[in-house]
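J.:
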Amino acid sequence: MKKLSLIMLVIALMTVLPASAQFGKLLNKAKDAISGGGGAGKKTGSFSTVWESEFDNKATRLAANDGDGNFVLGTDDNSATVLDANGKTIWSGDYKKITTNHTNNSEYQFVIWKEKGGYLFLFDARKLGTDRVAVIDIATGKELWNSELYQNLIPKDRNKDESDSDQGELETVKYIYELDAFLISQRASVILVKAKTGEKIWETNRFKGGVGKYIYDAKRNEIVMVNFKPTALGALFAGFKNQLVKINAANGEIVWDATFIGTIEKELVTRKAILDLWIKGDKLYLYLNGLQVYNLNNGQKLWEATYENDMEGGGGFGHSKREKIYKTLADPIFTDNAVYITMFGNRDRTKYIEKHDLESGKLLWASEKITGALCMPHVYKTGNKIVVQVGGKVEVQGFRKETRTSITGGTYTEMVGFIEWQYRGQKNGVLAIDDKTGATAWRSEKFDKRITDLIINGENKLFVGDGDEFYGYEIESGKQLFDVKHNDAGVGKATDVIDFGETVVVLSEKGLAAYNKKDGSRAFATDKIKGVDYFYEEGKNYFLRDQRNSKNVIYGIDMANGETKGSVQSKGKGGSPKFGDGIDITTDGEYIFAFKGKKVEKIKVNN
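According to the working numbering, the sequence shown is numbered sequentially starting from 9.
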């Protein structure tokens with residue numbers, strides 16, 4: 009069965025990744041050789057178009073495929089069209105005609121993809137009147153169910169710049185994959201309904217708020233849920249408290265109810281709750297500013313190791329932009345009898361690692377404290393060492409004013425959401441810790457201005473770049489295996505690293521350079537791709553993304569030799585939040601869909 013995938017898409021999220029390009033403009037690159045190391049010139053190619061088609065409506069809201077390319081969806085505020093794998097229309101229609109309750113102006117829409125189609129969830133938040141919701145079957149275009157029972161699911165009185173609205177994931181409706189059901193948060197209760205029929209399975213008034221995170225316990229058919237105060241319902245709650253609840257998925261009975269410590273923050277643009285839950289044996293681990301550990305059977309808190317979060321972001325509305333920083337700490341590492349947690353020391357950006365006994369929570373050791381480290385994004389256990397990446401890229405989410413051209417002429421400004429990975433000034437380095445004692449085994453601080461992510465090779469080698477150099481280290485001893493001048497590749501400063509077989513491909517400001525793991529010798533270099541800010545591995549295919557100057561360009565790359573398979577530049581709404589406006593890619597990476605208005609193009613990656 010194909011893995012379920014959820015794409016949460018709303019109006020403002022469509023502007024998260026800048027979209028400004030030309031639909032269907034496959035960027036045919038010249039066949040001239042690209043200068044580079046490794047003794048070989050690299051050539052670029054072009055993608056081929058499989059078909060071009062049109063939706064009956066303009067895809068200004070959702071534009072995406074089901075992952076296999078069998079269903080391609082395009083929606084606007086009031087209608088939808090679904091195409092098949094050959095670009096032929098399966099169905100199209102106005103929401104007002106499809107739905108029996110005349111759901112129409114859908115401020116929020118999201119799609120749940122399943123093996124053969126999925127669900128299109130519509131929200132019609134009426135300022136004067138009763139809110140409407142409806143669910144449409146993607147495969148047939150038929151209404152599955154509708155309701156006017158659920159109110160205040162989304163904020164109604166948004167500012168024109170939407171600065172006070174939720175920009176991403178809907179806080180009051182959560183799809184439970186394992187149950188094929190929707191959890192709907194209301195003022196006085198939470199209701200579970202069947203996704204296909206809207207039939208109420210159960211309702212409980214012992215859990216209040218939005219579902220920030222859930223985890224399904226398949227052995228017992230029970231759900232553990234963490235709540236938070238959703239924006240849409242926040243003003244309606246009295247006596248709100250932090251709840252961690254285990255509930256019988258069949259009938260809604262509360263198995264146990266506990267409280268947790270801390271305030272759940274939501275990401276600024278995506279609105280995803282910043283926390284995680286894990287079940288390991290008979291314990292539940294809540295990851296929120298450290299770990300809080302509970303007995304899975306009765307909800308009793310067993311131990312905790314928490315800290316005060318110092319990631320407060322900066323700026324605010326009234327400035328030219330506001331933003332916050334995320335992805336600054338590595339997730340905990342669990343072994344059979346211990347857990348390693350990255351901790352905040354205090355407000356001076358001190359970070360360090362703690363090792364705790366998994367059963368009792370006893371602190372076994374704490375590493376040296378690193379001051380001036382904005383982030384410790386990756387931690388690895390290899391052999392008898394704990395390897396820590398100090399510094400690196402952080403995820404920045406925010407809003408900034410951008411100038412737009414009006415269709416009637418002239419320009420206007422609006423607040424636009426963005427998500428970017430950025431290097432920020434901080435201490436950078438590699439730290440190796442003795443697993444038994446917590447003492448520093450060795451440390452390298454050759455990274456003055458930046459450090460890429462680490463590539464761990466087996467138990468005893470790691471590779472890392474600092475922008476201008478590329479290094480190999482022996483993990484056990486800290487011995488430097490090689491130091492290659494990445495400057496000589498002529499591709500600019502390193503921005504990221506990609507583990508590819510016997511080589512490490514270094515993504516850089518002006519292109520790519522690959523180095524052999526055995527000795528650091530350069531395998532190839534190409535300087536024809538500039539401004540790339542992210543890479544994706546989809547199936548066996550690799551893609552690079554360029555968003556400079558309000559563009560959205562996706563390149564297909566052969567990582568074995570650095571050749572460009574092709575590229576597509578697209579201007580349009582919709583697309584996947586993962587790949588940016590106007591672009592979606594199948595899960596196997598074999599096809600790209602490019603959208604602009606009513607037009608959609610299916611593009612083959614490998615010729």
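Just so you know, even glycine gets a beta-carbon here, dropped at the ideal spot from N, CA and C. For clarity, every value in this text was computed on a predicted model and none was experimentally measured.
Please list, in chain order, all residues of the same chain as Ile562 whose beta carbon is under 7 angstroms from its beta carbon, the five residues on each side excluded.
T.: Taken in chain order, the residues that qualify are Phe551, Arg553, Ser575, Val576, Phe587, Ile591 and Ile600.
J.: With a CB to CB cut of under 6 angstroms and the five nearest residues on each side skipped, what residues in its chain are close to Asp476?
T.: Taken in chain order, the residues that qualify are His494 and Asn495.
J.: Who are the Cβ neighbours of Ser442 in its own chain at under 6 angstroms, not counting the five residues just before and after it?
T.: The question names Ser, yet the displayed sequence has Asp at residue 442. Cβ within range, chain order: Ala449.
J.: Gly580: beta carbon under 8 angstroms from a heavy atom of the ligand MN?
T.: Absence of the ligand MN from the depicted structure is noted, as is the absence of any ligand whatsoever, leaving it without description.
J.: To the nearest angstrom, how far is the alpha carbon of His110 from that of Trp286?
T.: Their backbone Cα atoms lie some 41 angstroms apart in a straight line.
J.: Does Asp76 come out as helix, strand or coil in the three-state DSSP assignment?
T.: Coil at Asp76, not helix or strand.
J.: Among residues of its own chain, excluding the 5 on either side of Thr89, which ones have a beta-carbon nearer than 6 angstroms to its beta-carbon?
T.: Within the same chain, Thr89 has close Cβ partners Phe63, Asp64, Asn65, Gly82 and Ser100.
J.: Would the beta-carbon of Glu211 fall within 9 angstroms of that of Gly289?
T.: No, Cβ-Cβ distance for Glu211 and Gly289 is not below 9 angstroms.
J.: Excluding the five sequence neighbours on either side, which residues of its own chain have a C-beta within less than 8 angstroms of the C-beta of His386, listed in chain order?
T.: Answer for His386: Ala338, Val396, Gln397, Gly400, Asp461 and Leu462, listed in chain order.
J.: Less than 7 angstroms between C-beta atoms, sequence neighbours within five positions excluded: which residues of the same chain meet that for Thr511?
T.: Counting only Cβ-Cβ distances below 7 angstroms, and skipping sequence neighbours, we find Ala522, Tyr523, Asn524, Lys525 and Ala531.
J.: If you pair each beta-carbon of the stretch 603-614 with each one of the stretch 529-544, do three or more pairs fall below 8 angstroms?
T.: The stretch 603-614 vs the stretch 529-544: no contact.
J.: Residues in its own chain within less than 8 angstroms of Gly206 by CB, not counting five upstream and five downstream?
T.: The residues are Val143, Leu152, Trp153, Asn154 and Ser155.
J.: Please classify Arg556 as buried or exposed, where buried requires at least 16 neighbouring CB atoms within 10 angstroms.
T.: When all chains shown are included, Arg556 counts as exposed.
J.: Could you give the uninterrupted runs of the alpha helix (DSSP H) lying entirely in the stretch 88-133, keeping only those of 4 residues or more?
T.: Listed in chain order, they are 103-106.
J.: In whole angstroms, give me the CA-to-CA distance for Asn614 and Asp566.
T.: Going by the C-alpha atoms only, they are around 10 angstroms apart.
J.: Answer yes or no: do Lys378 and Gly437 have a C-beta to C-beta separation smaller than 9 angstroms?
T.: With the sequence shown as reference, residue 378 is identified as Ile, and Lys is not the correct amino acid for it. Result yes, Cβ atoms of Ile378 and Gly437 sit closer than 9 angstroms.
J.: Skipping 5 residues on each side, what residues in its chain have a beta carbon closer than 6 angstroms to that of Lys389?
T.: Ile341.
J.: So, with DSSP's three-state summary, where would you put Glu467?
T.: Glu467 falls in the coil class under three-state DSSP.
J.: Apart from the five residues on each side of it in sequence, which residues of its chain come closer than 6 angstroms, Cβ to Cβ, to Thr107?
T.: Only Ala142, Glu151 and Asn154 meet the Cβ criterion.
J.: Go through the stretch 286-325 residue by residue and report every complete run of the beta strand (DSSP E) that reaches 3 residues or more, in order.
T.: Runs found: 291-295, 298-303 and 309-314.
J.: In whole angstroms, what is the alpha-carbon distance linking Gly570 and Ser54?
T.: Taking the straight line joining both Cα atoms gives about 14 angstroms.
J.: For Glu403, which option in Glu428, Ile394 and Ala381 has the closest C-alpha, if you only look at C-alpha atoms?
T.: For the residues Glu428, Ile394 and Ala381, the minimum Cα distance to Glu403 belongs to Glu428.
J.: Tell me whether the beta-carbon of Thr336 lies closer than 9 angstroms to the beta-carbon of Leu366.
T.: For Thr336 and Leu366, no; Cβs fall outside 9 angstroms.
J.: If distances are taken between C-alpha atoms only, which option among Ile459, Tyr431, Tyr479 and Trp373 comes closest to Gly446?
T.: That would be Trp373, whose Cα lies nearest to the Cα of Gly446.
J.: In terms of DSSP beta bridges, what is Ile333 paired with?
T.: Per DSSP, Val404.
J.: Once the 5 residues before and after Gly498 are set aside, which same chain residues still bring their CB inside 6 angstroms of it?
T.: Counting only Cβ-Cβ distances below 6 angstroms, and skipping sequence neighbours, we find Asp535.
J.: I'd like the list of long-range same chain contacts for Gly217, defined as Cβ closer than 6 angstroms, with 5 residues on each side in sequence excluded.
T.: Counting only Cβ-Cβ distances below 6 angstroms, and skipping sequence neighbours, we find Asn235, Phe236 and Lys237.
J.: Roughly how many angstroms separate the alpha carbons of Leu34 and Ser56, rounded to a whole number?
T.: For Leu34, the predicted model reports a pLDDT of 42, less than 50, meaning its position is unreliable; a value from the coordinates is still stated below. Answer to the nearest angstrom: the Cα atoms are 8 angstroms apart.
J.: Measuring CA to CA, which of Lys612, Thr595 and Gly582 is closest to Phe603?
T.: For Phe603, the nearest C-alpha among the options comes from Gly582.
J.: Specify, as a first and last residue, the run of the beta strand (DSSP E) that Tyr185 falls within.
T.: No beta strand (DSSP E) holds Tyr185; DSSP gives it neither H nor E.
J.: Could you pull out every residue in the same chain whose Cβ sits closer than 6 angstroms to the Cβ of Asp456, ignoring the five residues on either side in sequence?
T.: Excluding sequence neighbours, Asp456 sits near nothing in its chain.
J.: Pull up the DSSP beta-bridge partners for Gln430, would you.
T.: DSSP output for Gln430 lists Val402 as bridge partner(s).
J.: Where does the unbroken beta strand (DSSP E) through Val438 begin, and where does it stop?
T.: Residues Gly437 to Asp442.
J.: I need the straight-line Cα distance from Tyr127 to Gln117, nearest angstrom please.
T.: The straight-line gap from Cα to Cα measures roughly 10 angstroms.
J.: Using a Cβ-Cβ cutoff of less than 7 angstroms, which residues in the same chain neighbour Gly353 once the five nearest sequence positions on both sides are dropped?
T.: Lys359, Tyr360 and Lys377, listed in sequence order.
J.: What are the partner residues of Ala374, as DSSP defines its beta bridges?
T.: Per DSSP, Glu362.
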